[in-house]
Amino acid sequence: MRYAMAIDTRKCVGCSDCVVACQTENNVPVGFCRDWVVEVVDGTYPNVSIELRSERCNHCDNSPCVRCCPTGASHFEDGGIVLVEHSKCIGCGACIQACPYDARYSHPEGYVDKCTFCIHRVREGKDPACVSVCPTSCMYFGDLDDQNSKIVNVLKNRKFKSLAPEAGTKPRIFYLV
Amino acid sequence: MHTRRNFIKISSLGLGATSLAGGAIKWVTGAPSPKKISIGAKSASSFKTVSTYCEVCFWKCAGWAHVTEDGQIQKITGNYNDPQCNGRLCPRGTGGVGMFSDPDRLKTPLIRVTKNGEQTYREASWDEALDFVANKMKEIKEKYGPESMGLFNHGTPGKHFTHLLNSFGSNNIGAPSFAQCRGPRDTGFELTFGESVSSPEVTDIRDTRCMVLIGSHIGENMHNGQVQEMSEAIDKGAVIITVDPRLSTAASKSKFWLPIKPSTDLALLLSWIHVLIYDDIYNKEYVAKYAEGFNELKEHVRTFTPEWAYGITTIKPEQIRQTAREMANAAPAVIIHPGRHTTWYGDDVQRSRAIAILNALLGSWGNRGGIFLKEGFKIPDFPHPAYPKPAWSWQDTMNGRYPLAKESVTNTLIEASIPSENNKHQIKGWIVAGTNLVMAIPLKEQLMQALQSLELLVVVDTMPMEITGYADVVLPECTYLERYDDIRSSPHREPTIALRSPAVEPMYQTKPSWWIAKQIGERLGLGEYYKFDDFREVLDWQLKQVGQSLEELERVGAKKLPRKTPLYIEPGMNFQFKTASGKIHLFSKELEEYGFDPMPVYTPHDQPEEGYYRLIYGRAPMHTFSRTANNRNLVALMPENAVWINPQVAELWGLKKDQYVWLKNQDGVLSNFPVKIRVTQRIRWDSIYIVHGFGHHHKPLTYAFGRGVNDTEMISKVSIDPIMGGTGMRGNFVTFVKENPKKEVES
Chain C
624 MRYAMAIDTR KCVGCSDCVV ACQTENNVPV GFCRDWVVEV VDGTYPNVSI
674 ELRSERCNHC DNSPCVRCCP TGASHFEDGG IVLVEHSKCI GCGACIQACP
724 YDARYSHPEG YVDKCTFCIH RVREGKDPAC VSVCPTSCMY FGDLDDQNSK
774 IVNVLKNRKF KSLAPEAGTK PRIFYLV
Chain Z
129 MHTRRNFIKI SSLGLGATSL AGGAIKWVTG APSPKKISIG AKSASSFKTV
179 STYCEVCFWK CAGWAHVTED GQIQKITGNY NDPQCNGRLC PRGTGGVGMF
229 SDPDRLKTPL IRVTKNGEQT YREASWDEAL DFVANKMKEI KEKYGPESMG
279 LFNHGTPGKH FTHLLNSFGS NNIGAPSFAQ CRGPRDTGFE LTFGESVSSP
329 EVTDIRDTRC MVLIGSHIGE NMHNGQVQEM SEAIDKGAVI ITVDPRLSTA
379 ASKSKFWLPI KPSTDLALLL SWIHVLIYDD IYNKEYVAKY AEGFNELKEH
429 VRTFTPEWAY GITTIKPEQI RQTAREMANA APAVIIHPGR HTTWYGDDVQ
479 RSRAIAILNA LLGSWGNRGG IFLKEGFKIP DFPHPAYPKP AWSWQDTMNG
529 RYPLAKESVT NTLIEASIPS ENNKHQIKGW IVAGTNLVMA IPLKEQLMQA
579 LQSLELLVVV DTMPMEITGY ADVVLPECTY LERYDDIRSS PHREPTIALR
629 SPAVEPMYQT KPSWWIAKQI GERLGLGEYY KFDDFREVLD WQLKQVGQSL
679 EELERVGAKK LPRKTPLYIE PGMNFQFKTA SGKIHLFSKE LEEYGFDPMP
729 VYTPHDQPEE GYYRLIYGRA PMHTFSRTAN NRNLVALMPE NAVWINPQVA
779 ELWGLKKDQY VWLKNQDGVL SNFPVKIRVT QRIRWDSIYI VHGFGHHHKP
829 LTYAFGRGVN DTEMISKVSI DPIMGGTGMR GNFVTFVKEN PKKEVES
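First to last, the sequence lines map onto chains C and Z.
Following this note's numbering, the numbering of the first sequence begins with 624 at its first residue and continues without gaps.
Following this note's numbering, the numbering of the second sequence begins with 129 at its first residue and continues without gaps.
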């Protein structure tokens with residue numbers, strides 16, 4: 624089982640519903656977020672293009688955050704989901720520095736927090752909150768080992784990229800382009 | 129002029145009130161604030177889910193409020209039974225809980241009093257506030273007749289106060305959604321097809337093969353169903369053509385983006401009509417069968433060639449031809465989208481007519497992938513005596529203008545509220561429910577004159593919006609998550625009904641609008657119109673009449689009902705349009721009779737002087753009008769608006785990213801607050817763009833106050849559409865003021 628996410632930049636309108644849904648689902652304190660939207664503008668008027676994409680923890684196969692964690696709070700769960708066990712976290716912030724995606728933040732209660740792929744929902748057979756709410760249905764979540772899953776299907780049929788491949792982290796979030 | 133109604137930003141409310149610089153006092157009471165929500169995600173089993181439909185915008189998506197065991201609303205999710213949202217709310221709907229938990233909510237009734245020569249509000253009991261309103265309304269009725277009470281409204285509270293005013297004997301009821309928004313579109317389509325495209329629009333986007341957007345920015349306007357369907361259309365490979373001076377989100381997803389010179393859209397539309405007809409690629413069979421006036425139209429557009437349009441629009445002739453061919457190839461599965469906010473230049477009905485004519489030439493109305501035939505589900509009125517017939521009504525406030533307005537025009541109601549010899553009739557009292565007129569209505573001076581002249585101004589809202597500062601009485605409404613409202617029943621692809629029921633008890637001393645209206649009605653001796661104790665009874669009775677049940681709706685939230693009529697025109701069907709002749713009017717005799725152009729004509733509009741830029745405004749997906757700028761669940765996504773400028777403009781003015789400037793318009797109107805610069809290639813060099821709804825100047829909105837610029841205040845010039853009274857607002861030009869003009873914050 625290898626959980627992953629594919630996000631279709633051709634459909635994303637950058638509305639940030641994924642951000643709000645994550646906040647209300649996971650009680651992310653106001654002013655912080657576990658996911659966010661990026662807009663990249665390219666070209667000169669009127670030959671301009673933009674790419675909109677929703678970003679979050681990449682749940683990397685080769686995770687610098689897990690490797691550098693001194694207490695073992697950052698760890699892999701079933702399916703390769705990278706989690707922070709709040710009770711073990713001492714808030715040292717090494718993982719925040721190590722993450723090439725700036726996906727982690729210091730929670731006001733003293734631990735480091737980030738996207739969990741909504742593991743509590745996934746265990747109930749549901750999609751993560753961001754995926755389930757997206758008005759454009761531009762996100763696909765699933766198991767890369769399940770050949771019948773939608774995510775495997777879109778990755779087979781579409782061109783995609785991942786972020787900062789040069790960091791060698793083997794991210795599990797793919798952007799359809 | 130005598131100001132009997134000072135804008136009150138100062139309220140001495142005793143308990144816990146804090147003095148700020150300048151003597152301002154926070155809008156607070158000693159009432160409890162919502163409990164802090166606990167940290168950590170909860171599993172589904174610990175929630176109770178309660179049916180609601182959203183009130184953050186007019187789309188009204190059905191959803192579920194998830195209430196924790198200790199009575200807090202944790203989150204709101206969409207209802208899968210509702211075809212308007214398909215289980216997916218937009219960011220505003222998801223963040224709707226922020227309306228409920230907003231610490232700045234109105235908490236108790238307030239009455240304007242003069243204390244030591246200064247006007248201020250004091251807290252009042254509901255009895256006191258309601259008696260005050262009813263007595264004043266009686267006084268107005270005795271002195272001037274019941275018609276002199278007017279209502280401005282938006283959203284569901286409007287229905288309850290409409291019933292109140294109708295029972296009282298007035299139908300001087302208006303909403304900015306007509307003359308400040310969709311009015312020209314509706315009138316243009318009614319004149320052509322005999323009916324409007326409704327709300328939610330009857331555009332068959334999910335099955336379209338080609339969609340043309342003209343100044344409509346789906347994806348930034350977060351009209352949920354349309355955004356979802358556009359995404360589906362992208363998946364299916366539909367061609368999107370976007371006409372916009374700005375690379376909107378939709379434009380960035382389009383096969384063709386036509387970066388038009390602002391104000392010239394009608395020329396482009398006419399040249400598309402020309403190409404369809406003279407290249408002989410229009411839908412001949414459809415036009416022959418359903419339309420009249422084709423020969424006149426053909427003659428009319430003879431000279432409107434793409435070469436003619438190029439000189440006006442800056443869109444290259446081959447691009448005009450190519451996009452016209454794309455439409456023709458897709459026909460009839462093609463939509464020239466009618467848009468929604470269409471009050472731009474004062475000839476907006478004519479532009480909407482041109483859009484309607486294009487749809488007609490392609491045969492989209494009544495065809496799959498074009499414009500489908502809507503079907504609704506009628507919910508009967510709860511029994512009440514017949515409404516008294518008003519001696520005069522909003523039509524009489526027009527003084528012979530705007531003959532084709534089918535809905536009341538806010539601006540004429542406002543004019544009728546300013547004492548003048550020209551007014552045959554005078555409006556003396558207003559109820560304002562759910563609309564912040566100060567940030568919705570352009571021509572501020574006129575609005576201010578009206579506000580100063582009224583003998584009664586009652587404002588019903590959940591938040592201390594700017595308009596509340598002018599009220600004699602402020603009535604705090606509870607949010608949509610704390611109340612019942614009418615059954616939602618909007619005609620669309622599938623007739624659907626949805627229930628809004630209270631997820632939690634109203635916080636503070638807030639009350640639902642149905643209760644407020646009923647209380648006022650009973651005090652006015654209109655008890656016969658309110659023969660129920662609780663609104664639940666009304667809903668229960670209504671649903672039973674149509675073979676449905678409240679219990680079921682509480683369980684399912686929203687329910688699709690079977691269609692009884694076809695969704696598209698079927699072969700062999702004798703289809704009649706709802707015009708007088710049953711045909712589509714390419715040539716409008718109705719317009720001709722009233723002395724207007726029977727077919728659209730392009731008129732050049734003013735262009736900015738050197739150093740000025742056209743003010744273009746629009747929406748952001750995470751905000752609705754001016755009502756979400758204080759919503760803590762949404763503000764982090766966009767805390768303030770920024771003024772978009774082209775890098776060339778930035779260089780010319782020496783402006784940098786994130787620098788703050790003030791805006792000044794062609795009439796010397798300065799913005800209240802400075803606004804951040806956004807330098808981007810997404811905008812033309814002759815225009816600037818800002819998102820509407822920011823620049824609140826009411827301090828009780830503790831987060832939103834002073835953030836960004838209010839586009840409405842910069843719109844001091846309005847081009848009124850003579851056909852239906854729409855206020856064209858895109859003819860204003862602004863320049864940058866880099867040094868602080870040290871302007872006092874106005875009113």
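C-beta atoms are modelled at their ideal positions from N, C-alpha and C, and glycine is treated no differently.
Since the structure is predicted, the reported quantities are computational estimates derived from the model, not experimental observations.
Residue burial is scored here from C-beta neighbours: C:A726 has at least 16 other C-beta atoms within 10 angstroms and is therefore classed as buried. Proximity of C:V663 to chain Z, defined by a Cβ-Cβ separation below 7 Å, is not satisfied.
Contact between the region 734 to 752 of chain Z and the region 347 to 355 of chain Z is established, with three or more Cβ pairs separated by less than 8 Å. With respect to Z:S276, Z:I555 sits close: the two C-beta atoms are nearer than 7 Å. Z:L293 and Z:Q574 have their C-alpha atoms roughly 24 Å apart. Of all residues in the region 292 to 320 of chain Z, none is placed with a Cβ closer than 9 Å to any Cβ belonging to chain C.
For Z:L609, no CB of chain C lies under 7 Å from its own CB, so it is not counted at the interface with that chain. For C:T694, no CB of chain Z lies under 7 Å from its own CB, so it is not counted at the interface with that chain.
If you check the CB distance, Z:S179 and Z:L791 do not come in under 7 Å. C-alpha of Z:K389 to C-alpha of C:P669: approximately 12 Å in a straight line. Distance from Z:F864 to Z:L743 at the Cβ level is roughly 12 Å; contact not present, criterion being Cβ atoms closer than 8 Å.
Using a Cβ-Cβ cut-off of 7 Å, C:A644 counts as an interface residue toward chain Z, since at least one Cβ of chain Z sits closer than that to its own. Between the alpha carbons of Z:P570 and Z:I542 lies a gap of roughly 11 Å. Contact between the region 717 to 736 of chain C and the region 744 to 754 of chain C is absent: fewer than three C-beta pairs spanning the two stretches fall below 8 Å. For Z:C218, the nearest beta carbon of chain C is closer than 7 Å to its own beta carbon. The region 773 to 786 of chain C makes no contact with the region 376 to 393 of chain Z, as fewer than three CB pairs between them are under 8 Å. Just so you know, the alpha carbons of Z:M591 and Z:V225 end up roughly 14 Å apart. Within chain C, no C-beta atom comes less than 8 Å from the C-beta of Z:G685; the nearest is roughly 16 Å away.
Distance from the CA of Z:N527 to the CA of Z:L396, rounded to the nearest whole angstrom, comes to 35 Å. Secondary-structure assignment with DSSP links C:D665 through a beta bridge to C:S672. Listed along the chain, the chain C residues whose CB falls inside 7 Å of the CB of Z:M750 are C638, S639.
By the criterion of a C-beta distance shorter than 7 Å, Z:T470 is surrounded in its chain by R310, P312, R313, D476, S480, once the five residues flanking it on both sides are discounted. Counting only the Cα atoms, Z:E197 lies some 28 Å from Z:R616. For the 7 Å CB-CB criterion, Z:K646 and Z:Y658 form a contact. Under DSSP, C:Y763 forms a beta bridge with C:A629. In terms of beta-carbon proximity, C:K634 lines the interface with chain Z, with at least one pair separated by less than 7 Å.
Bounds of the alpha helix (DSSP H) holding C:T647 are 640 to 649. The count of Cβ pairs closer than 8 Å, one atom from the region 716 to 736 of chain Z and one from the region 768 to 781 of chain Z, stays below three, leaving the stretches out of contact. The beta carbons of Z:G221 and Z:V184 sit closer together than 7 Å. The beta carbon of Z:G494 lies closer than 7 Å to those of L501, Y696, I697, F703 in the same chain, with the five residues before and after it left out. The count of Cβ pairs closer than 8 Å, one atom from the region 521 to 540 of chain Z and one from the region 314 to 321 of chain Z, reaches three, so the stretches are in contact. For Z:R742, the uninterrupted beta strand (DSSP E) segment begins and ends at 741 to 746.
In the pairwise beta carbon analysis, the region 750 to 758 of chain C is classified as touching the region 644 to 652 of chain C: at least three pairs are separated by under 8 Å.
Taking the beta carbon of C:V653 as reference, the chain Z residues within 8 Å of it are R760, N761, A764, listed in sequence order. The secondary-structure analysis by DSSP pairs Z:H826 with nothing; it has no beta-bridge partner. For Z:Q787, the three-state secondary structure derived from DSSP is coil.
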